[in-house]
Every structure is written in structure tokens, then in C-alpha cells.
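S.K.: End of the sequence shown = 475 in UniProt numbering, gap-free, step of one.
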Amino acid sequence: MAFREDFLWGGATAANQCEGAYLEGGRGLANVDVMPAGVDRFSVGSGEMKMFRCDDDHFYPGHEAIDMYHNYKEDIALLAGMGFKCYRLSIAWSRIFPKGDELEPNEAGLQFYDNLFDECLKYGIEPLVTICHFDVPMHLIETIGSWRSRQMIDHYVHYCEVIFKRYKNKVKYWLTFNEINMILHFPFMGAGLCFEEGENKQQVKYVAAHHELVASALATKIGHEINPEFKIGCMLAAGNTYANTCHPADVWKSMEKDRENYFFIDVQSRGEYPAYALKQLEREGIEIPFEEGDVEILKNHTVDFISFSYYSSRLTSADPEVNKTTDGNAFETLKNPYLEASEWGWQIDPLGLRITMNALYDRYQKPLFIVENGLGAVDVPDANGYVKDDYRIDYLREHIKAMKEAVELDGVDLIGYTTWGCIDLVSAGTGEMKKRYGFIYVDKDNDGNGTLKRSKKKSYDWYKKVIESNGEQLA
Ligand code: BG6
Numbered sequence: 001m002a003f004r005e006d007f008l009w010g011g012a013t014a015a016n017q018c019e020g021a022y023l024e025g026g027r028g029l030a031n032v033d034v035m036p037a038g039v040d041r042f043s044v045g046s047g048e049m050k051m052f053r054c055d056d057d058h059f060y061p062g063h064e065a066i067d068m069y070h071n072y073k074e075d076i077a078l079l080a081g082m083g084f085k086c087y088r089l090s091i092a093w094s095r096i097f098p099k100g101d102e103l104e105p106n107e108a109g110l111q112f113y114d115n116l117f118d119e120c121l122k123y124g125i126e127p128l129v130t131i132c133h134f135d136v137p138m139h140l141i142e143t144i145g146s147w148r149s150r151q152m153i154d155h156y157v158h159y160c161e162v163i164f165k166r167y168k169n170k171v172k173y174w175l176t177f178n179e180i181n182m183i184l185h186f187p188f189m190g191a192g193l194c195f196e197e198g199e200n201k202q203q204v205k206y207v208a209a210h211h212e213l214v215a216s217a218l219a220t221k222i223g224h225e226i227n228p229e230f231k232i233g234c235m236l237a238a239g240n241t242y243a244n245t246c247h248p249a250d251v252w253k254s255m256e257k258d259r260e261n262y263f264f265i266d267v268q269s270r271g272e273y274p275a276y277a278l279k280q281l282e283r284e285g286i287e288i289p290f291e292e293g294d295v296e297i298l299k300n301h302t303v304d305f306i307s308f309s310y311y312s313s314r315l316t317s318a319d320p321e322v323n324k325t326t327d328g329n330a331f332e333t334l335k336n337p338y339l340e341a342s343e344w345g346w347q348i349d350p351l352g353l354r355i356t357m358n359a360l361y362d363r364y365q366k367p368l369f370i371v372e373n374g375l376g377a378v379d380v381p382d383a384n385g386y387v388k389d390d391y392r393i394d395y396l397r398e399h400i401k402a403m404k405e406a407v408e409l410d411g412v413d414l415i416g417y418t419t420w421g422c423i424d425l426v427s428a429g430t431g432e433m434k435k436r437y438g439f440i441y442v443d444k445d446n447d448g449n450g451t452l453k454r455s456k457k458k459s460y461d462w463y464k465k466v467i468e469s470n471g472e473q474l475a
């Protein structure tokens with residue numbers, strides 16, 4: 001058998017994309033709540049257009065999302081029906097600290113996640129918790145400018161301490177930041193950063209990243225102190241970058257592109273800023289505000305495992321003429337003529353997953369956890385409301401095969417696999433409901449209409465068999 005006996009099969013979601021109930025239970029406003037659907041989403045998400053409050057001219061799909069807040073029992077029962085061993089979810093920071101800087105947490109928020117974890121544990125489902133899946137309490141954005149301020153470290157660490165203590169007997173696996181490299185690509189949605197005119201954006205992003213990296217290491221430290229059994233991981237939006245040709249300049253460019261993302265994990269896993277990054281920051285005149293103790297904190301509190309999302313490989317060229325972009329999860333990439341693409345232009349590359357797994361395992365020599373993978377597609381229910389999503393089954397099958405090869409043939413140590421959006425939810429990139437990833441269909445459209453009724457797709461029964469057979473039965 002390729003996968004270990006205790007392999008963590010399951011699925012993943014994020015609070016802001018599924019919970020809804022954005023102001024219930026004492027929850028405070030967060031950056032993810034002011035992300036509109038439609039044309040302005042990109043400008044807001046990238047920190048170019050300031051939207052600190054909701055207005056009547058926009059639709060905010062996260063406010064209700066799929067209302068998992070009120071339906072979590074039904075939803076977890078459905079996940080359990082597939083035999084899930086693991087459910088990756090995130091805690092909404094502003095449910096626990098509505099403003100972000102309070103001393104005392106909001107009990108109603110804590111209780112909600114207690115109930116959620118109890119429900120998972122009832123079915124033997126191991127929760128894998130993302131502490132921060134893009135969200136930042138709006139109050140911290142308005143008062144201190146989010147992660148550009150060093151004070152964020154204290155607020156985040158306080159938040160971590162509270163949830164670590166509260167859930168120390170219910171949760172073992174934690175991720176400090178979802179797709180930490182997203183700060184470079186979608187800085188407001190990814191880290192609450194909004195830019196002032198004329199500001200050096202690179203400087204702001206890397207300073208904020210430094211604060212996140214120190215916060216992540218401190219969280220790892222206190223997590224291990226609170227429960228030495230905790231496994232705390234980092235999380236990278238991964239996907240190796242290929243060179244467009246065998247021209248050495250293209251190969252060099254692809255290496256640089258990968259390093260842009262590896263940088264974060266190099267710090268979180270190896271415990272120090274890599275030489276190439278120090279040199280590049282110096283060249284660009286970017287000063288990182290290292291304070292006393294930072295070097296030791298980063299060095300002494302590295303992560304236990306490496307988690308990542310993988311949807312696609314990327315392609316780049318050193319020739320600016322050639323380097324015209326196509327869509328790809330906020331990551332620029334050329335069109336690869338050897339690959340097909342999803343309806344949203346995301347290129348489909350199962351072998352790229354094996355390549356990415358090997359690259360990460362070679363580099364870090366720590367267990368890997370694939371915490372996101374999947375196909376965003378338009379699902380059309382038939383007259384009986386059934387979705388025959390063979391395209392999704394094909395996508396997942398091919399990726400699981402590649403993952404199996406990485407384990408069986410290459411010896412990569414893999415802890416688990418949680419597919420993205422196991423129940424349909426709001427797309428982070430576009431704000432659409434139409435871009436669905438789930439095994440469970442949720443009746444809701446892009447404009448917010450629908451009954452929210454849940455129903456099993458064809459892939460539901462397929463994935464159940466995959467889990468039952470520990471990845472042996474993929475047909
Ligand atoms: C990852 C995020 O970037 O990709 C998720 O961690 C996101 O939050 C997922 O939903 C898929 O992207 P999208 O844009 O299709 O929702």
C-alpha cells in the first residue's frame with residue numbers, strides 16, 4: 001500500500017468562504033468581509049482600492065456564503081459520510097477577537113469552534129486548523145495598518161495562545177498562515193495591506209512578511225509549550241515554475257520565480273533568511289526591521305511539517321516579449337502548450353504535483369501535507385438535481401496517482417491530502433459561487449439566490465471509495 005495506515009484523507013475549507021453569519025455571535029468585521037464580488041474585487045484584494053466598509057453598490061458574497069455557521073452539523077455529517085479522516089478548516093480571527101486588540105476573547109466565538117470540533121471528533125475526524133486564512137480584524141487594519149505594524153505580532157500571538165489553550169485536547173494539527181506567499185500577490189485579501197500613494201510597496205510587503213514570519217515562529221514556540229504533541233506547519237501556495245525554453249536565461253528566471261515563493265518556507269522551515277533573499281532585499285534597498293531576538297526566534301522555532309496548496313504548475317520566460325500573462329490564482333504564468341486548462345484558465349498538470357512534492361521534500365526534508373488541490377468548475381445539476389462531475393473525478397484521480405508515485409516511487413513522506421472546497425463555497429479569487437470544487441453541491445448562485453440545500457455529487461461516492469481503499473481504488 002502506497003499511503004501510510006494513518007493517512008489523513010479529507011477536505012478543506014476556510015471560514016470566510018463558507019461560514020457566513022459575518023456579524024453573528026459577536027464577530028467583528030474583517031478584511032475578507034469587505035471583498036466585493038465583481039470587477040472591483042481585484043483592485044480591493046490587491047490593496048489598490050480602499051474599501052474599509054461595505055457599501056450598497058457592491059455585493060459581498062462572504063456575508064452569507066453557504067451559511068455553514070448554522071448548518072455545520074449537517075455539513076460535517078456529510079463529510080463523515082465520505083469517511084473523512086481529516087477536515088481542514090480555519091478559525092475566523094474576528095470571531096475570537098472581534099477588534100483584534102482586546103485582552104479577553106469573545107466566548108461565543110470560542111464556543112462555536114468547540115461545537116464544530118466536537119462534531120468532527122464525534123465521527124473520528126481529525127481537525128486541521130488554519131489559524132489565519134487570509135483574515136485580519138478590520139479594526140487592526142484601520143488603527144495600525146495590519147501587518148505593516150510590529151504590534152500585529154502581539155495580537156496574533158495572543159490570539160494563538162487563547163485558541164491553543166482552549167483546544168489543546170481537541171486539535172493537534174495547526175497551520176499558522178494560509179498561503180503565506182499570497183502577501184506578495186494579493187496583499188489586502190491575503191494580509192490586510194492597503195497602500196498609500198507613492199509608497200514603496202515591496203518594502204511594505206516584505207516588512208509585513210517579516211512580522212508574519214516572526215509571529216509564525218512565536219506561535220510555533222508557544223504551541224509546543226502548551227502541548228508538545230502539537231504538529232504545527234507552514235502553508236505555501238505551491239506549484240513549480242517551468243522554464244519556457246532550455247535557454248539558460250529562462251531556466252534562471254524560473255529559479256528566481258520559485259525562490260520568490262520558497263523564501264517564506266525557507267525561513268519557516270530552515271529558520272533563517274536565505275542568502276539569495278538577503279542579497280536581493282539589499283539590492284532593492286528594502287530594509288527588514290529585525291529586532292533583538294528575531295534571529296533566535298526564527299532559528300529555534302521552525303515548523304514540524306510543510307503544507308501546501310497545488311492547483312497548477314507555472315511557466316515563465318526571461319524574454320519580456322514572450323512573458324505575457326494568463327490567469328492562474330493570482331500567480332502570473334504563461335500558457336503551457338502541453339497542458340489543458342480549467343474553465344478559469346488554470347492549467348492542469350498532475351505530474352507537476354509530483355515535481356512540486358519532490359522539490360519541497362528535497363529542499364526541506366520534512367513531512368509534507370497537501371492541504372488544497374482540486375478543480376474549480378461549473379456544475380450543472382440534471383433534472384433530479386444530480387451533478388455528474390466526471391471532470392472533477394478525472395482531475396482528482398490523476399493528481400492522486402501522481403501523489404502516489406511521489407510516495408511510492410520517490411519516497412516522499414506525505415501525511416495527508418485534503419481537497420479544496422470539499423463542499424461548494426465562495427471562490428476567494430473571483431467571489432463567485434459558480435466556481436465549484438465540492439463533492440457536495442450547494443444550491444446558491446453568484447447573485448446570492450438559492451435554497452442553500454446540500455446534495456451529493458457523483459464525486460461524493462467516488463471519493464468515499466478512494467478513502468475506504470486508502471487510495472488504492474481510483475477507478
Ligand atoms: C487558495 C486559497 O488560493 O486557492 C483558497 O487558499 C482558495 O482560499 C483556493 O479558495 C482556490 O482559489 P479560488 O480563487 O478558485 O477560490
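Every residue, glycine too, gets a C-beta built ideally from N, C-alpha and C. The model shown is predicted, which means the values in this text are computed figures rather than measured ones.
1) Have a look at the DSSP bridge pairing and note the partners of V129.
2) Which ranges would you report for the alpha helix (DSSP H) in the region 272-344 if only whole runs of at least 4 residues count?
3) Tell me, please, whether the region 306-315 touches the region 235-251 by the rule of three or more beta-carbon pairs shorter than 8 Å.
4) Beta carbon of residue 478, beta carbon of Y113: below 8 Å?
5) Counting beta carbon pairs with one atom in the region 12-29 and one in the region 51-71, are three or more of them shorter than 8 Å?
6) Measuring only the C-alpha atoms, how far is G38 from K335?
7) Apart from the five residues just before and just after M235, which ones in its own chain have a Cβ nearer than 8 Å to its Cβ?
8) When burial is assigned at 16 or more other CB atoms within 10 Å of the CB, is C246 buried or exposed?
9) Could you spell out the range, first to last residue, of the beta strand (DSSP E) harbouring C18?
10) Count the C-beta pairs between the region 412-431 and the region 2-15 that are closer than 8 Å, then say yes if the count reaches three, no if not.
11) For a quick check, are the C-beta atoms of M49 and F134 less than 8 Å apart?
12) Is DSSP giving H43 helix, strand or coil here?
13) In the region 44-82, which residue ranges form an unbroken alpha helix (DSSP H) of at least 4 residues, counting only runs that do not cross its ends?
14) Is there contact between the region 276-293 and the region 196-216, where contact requires at least three CB pairs shorter than 8 Å?
15) Tell me the rounded alpha-carbon separation between D424 and M82.
16) Just mark P337 as buried or exposed, buried being the case when its beta carbon has 16 or more other beta carbons within 10 Å.
17) If you draw a straight line from the C-alpha of D327 to the C-alpha of S342, how long is it?
18) Is it the case that the Cβ atoms of E119 and I163 are separated by a distance below 8 Å?
19) In chain order, what residues of the same chain lie with their CB nearer than 6 Å to the CB of residue 476, ignoring the 5 residues before and after it?
20) So C234 is in the beta strand (DSSP E); what residue range does that whole segment cover?
21) Per DSSP, what kind of secondary structure is G421 in: helix, strand or coil?
22) Here's the rule: buried if 16 or more other CB atoms are within 10 angstroms of the residue's CB, otherwise exposed. What is H70?
23) What are the boundary residues of the alpha helix (DSSP H) that F84 is part of?
24) Does the distance from the C-beta atom of P137 to that of G26 stay below 8 Å?
25) Comparing C-alpha positions only, which one of E296, Y417, K366, E196 sits nearest to A402?
26) How about E284 and Q202: do their beta carbons lie closer than 8 Å?
27) Report yes if the C-beta of A341 is less than 7 Å from at least one heavy atom of the ligand BG6; otherwise report no.
28) Along the chain, where does the alpha helix (DSSP H) containing I180 start, and where does it finish?
M.R.: In this structure, then:
1) Stepping through the sequence shown from its first residue, residue 129 is reached at position 129. According to DSSP, which records beta bridges pairwise, V129 is partnered with L89, W174.
2) 275-283, 294-300
3) yes
4) With the chain covering 1 to 475 only, the question about residue 478 has no answer from this structure.
5) yes
6) Locating residue 38 in the sequence shown gives position 38, where the first residue counts as 1. Locating residue 335 in the sequence shown gives position 335, where the first residue counts as 1. Cα to Cα, G38 sits roughly 25 Å from K335.
7) One-based indexing of the sequence shown puts residue 235 at position 235. Result list for M235: T130, L175, T176, F177, N178, E179, I180, S307, F308, S309, V371, in chain order.
8) Stepping through the sequence shown from its first residue, residue 246 is reached at position 246. So C246 counts as exposed.
9) As a position in the sequence shown, residue 18 is number 18, starting the count at 1. Run containing C18: none in the beta strand (DSSP E); it sits in the alpha helix (DSSP H), 15-18.
10) yes
11) As a working note, residue 49 is residue 49 in the sequence shown. As a working note, residue 134 is residue 134 in the sequence shown. Not in contact: M49 and F134 (Cβ atoms no closer than 8 Å).
12) As a working mapping, residue 43 is identified with position 43 in the sequence shown. In the sequence under discussion, the amino acid at residue 43 is Ser, which differs from the His named in the question. Note: S43 maps to helix in three-state DSSP.
13) 68-81
14) yes
15) Here residue 424 is taken as the residue at index 424 of the sequence shown, counted from 1. Here residue 82 is taken as the residue at index 82 of the sequence shown, counted from 1. About 15 Å.
16) Within the sequence shown, numbered from 1, the residue matching residue 337 stands at position 337. Exposed, since its Cβ has fewer than 16 Cβ neighbours within 10 Å.
17) Residue numbering aside, residue 327 sits at position 327 when the sequence shown is read from its first letter. Residue numbering aside, residue 342 sits at position 342 when the sequence shown is read from its first letter. For D327, the predicted model reports a pLDDT of 48, less than 50, meaning its position is unreliable; a value from the coordinates is still stated below. The alpha-carbon atoms of D327 and S342 are separated by roughly 10 Å.
18) The sequence position of residue 119 within the sequence shown is 119, counting from 1. The sequence position of residue 163 within the sequence shown is 163, counting from 1. In this structure, I163 does not lie closer than 8 Å to E119 by Cβ.
19) Absent from the structure is residue 476, since the part of the chain shown begins at 1 and ends at 475.
20) Locating residue 234 in the sequence shown gives position 234, counting from the first residue. From DSSP, the beta strand (DSSP E) with C234 extends over 231-238.
21) One-based indexing of the sequence shown puts residue 421 at position 421. G421: coil per DSSP, three-state reduction.
22) Translated into positions along the sequence shown, residue 70 becomes position 70. Label assigned to H70: exposed.
23) Counting from one through the sequence shown, the residue named residue 84 turns up at place 84. Counting along the chain, F84 falls outside any alpha helix (DSSP H), and DSSP gives it neither H nor E.
24) Taking the sequence shown and counting its residues from 1, one reaches residue 137 at position 137. Taking the sequence shown and counting its residues from 1, one reaches residue 26 at position 26. It is not a contact, given that the beta carbons lie outside the stated cut-off.
25) The residue given as residue 402 occupies position 402 in the sequence shown. If we check each option's Cα against that of A402, Y417 comes out closest.
26) Your numbering for residue 284 matches position 284 in the sequence shown. Your numbering for residue 202 matches position 202 in the sequence shown. Yes. Within cutoff.
27) Position 341 of the sequence shown holds residue 341. Outside the cutoff, so no.
28) Here residue 180 refers to the residue found at position 180 of the sequence shown. Per DSSP, I180 belongs to no alpha helix (DSSP H) and is neither H nor E.
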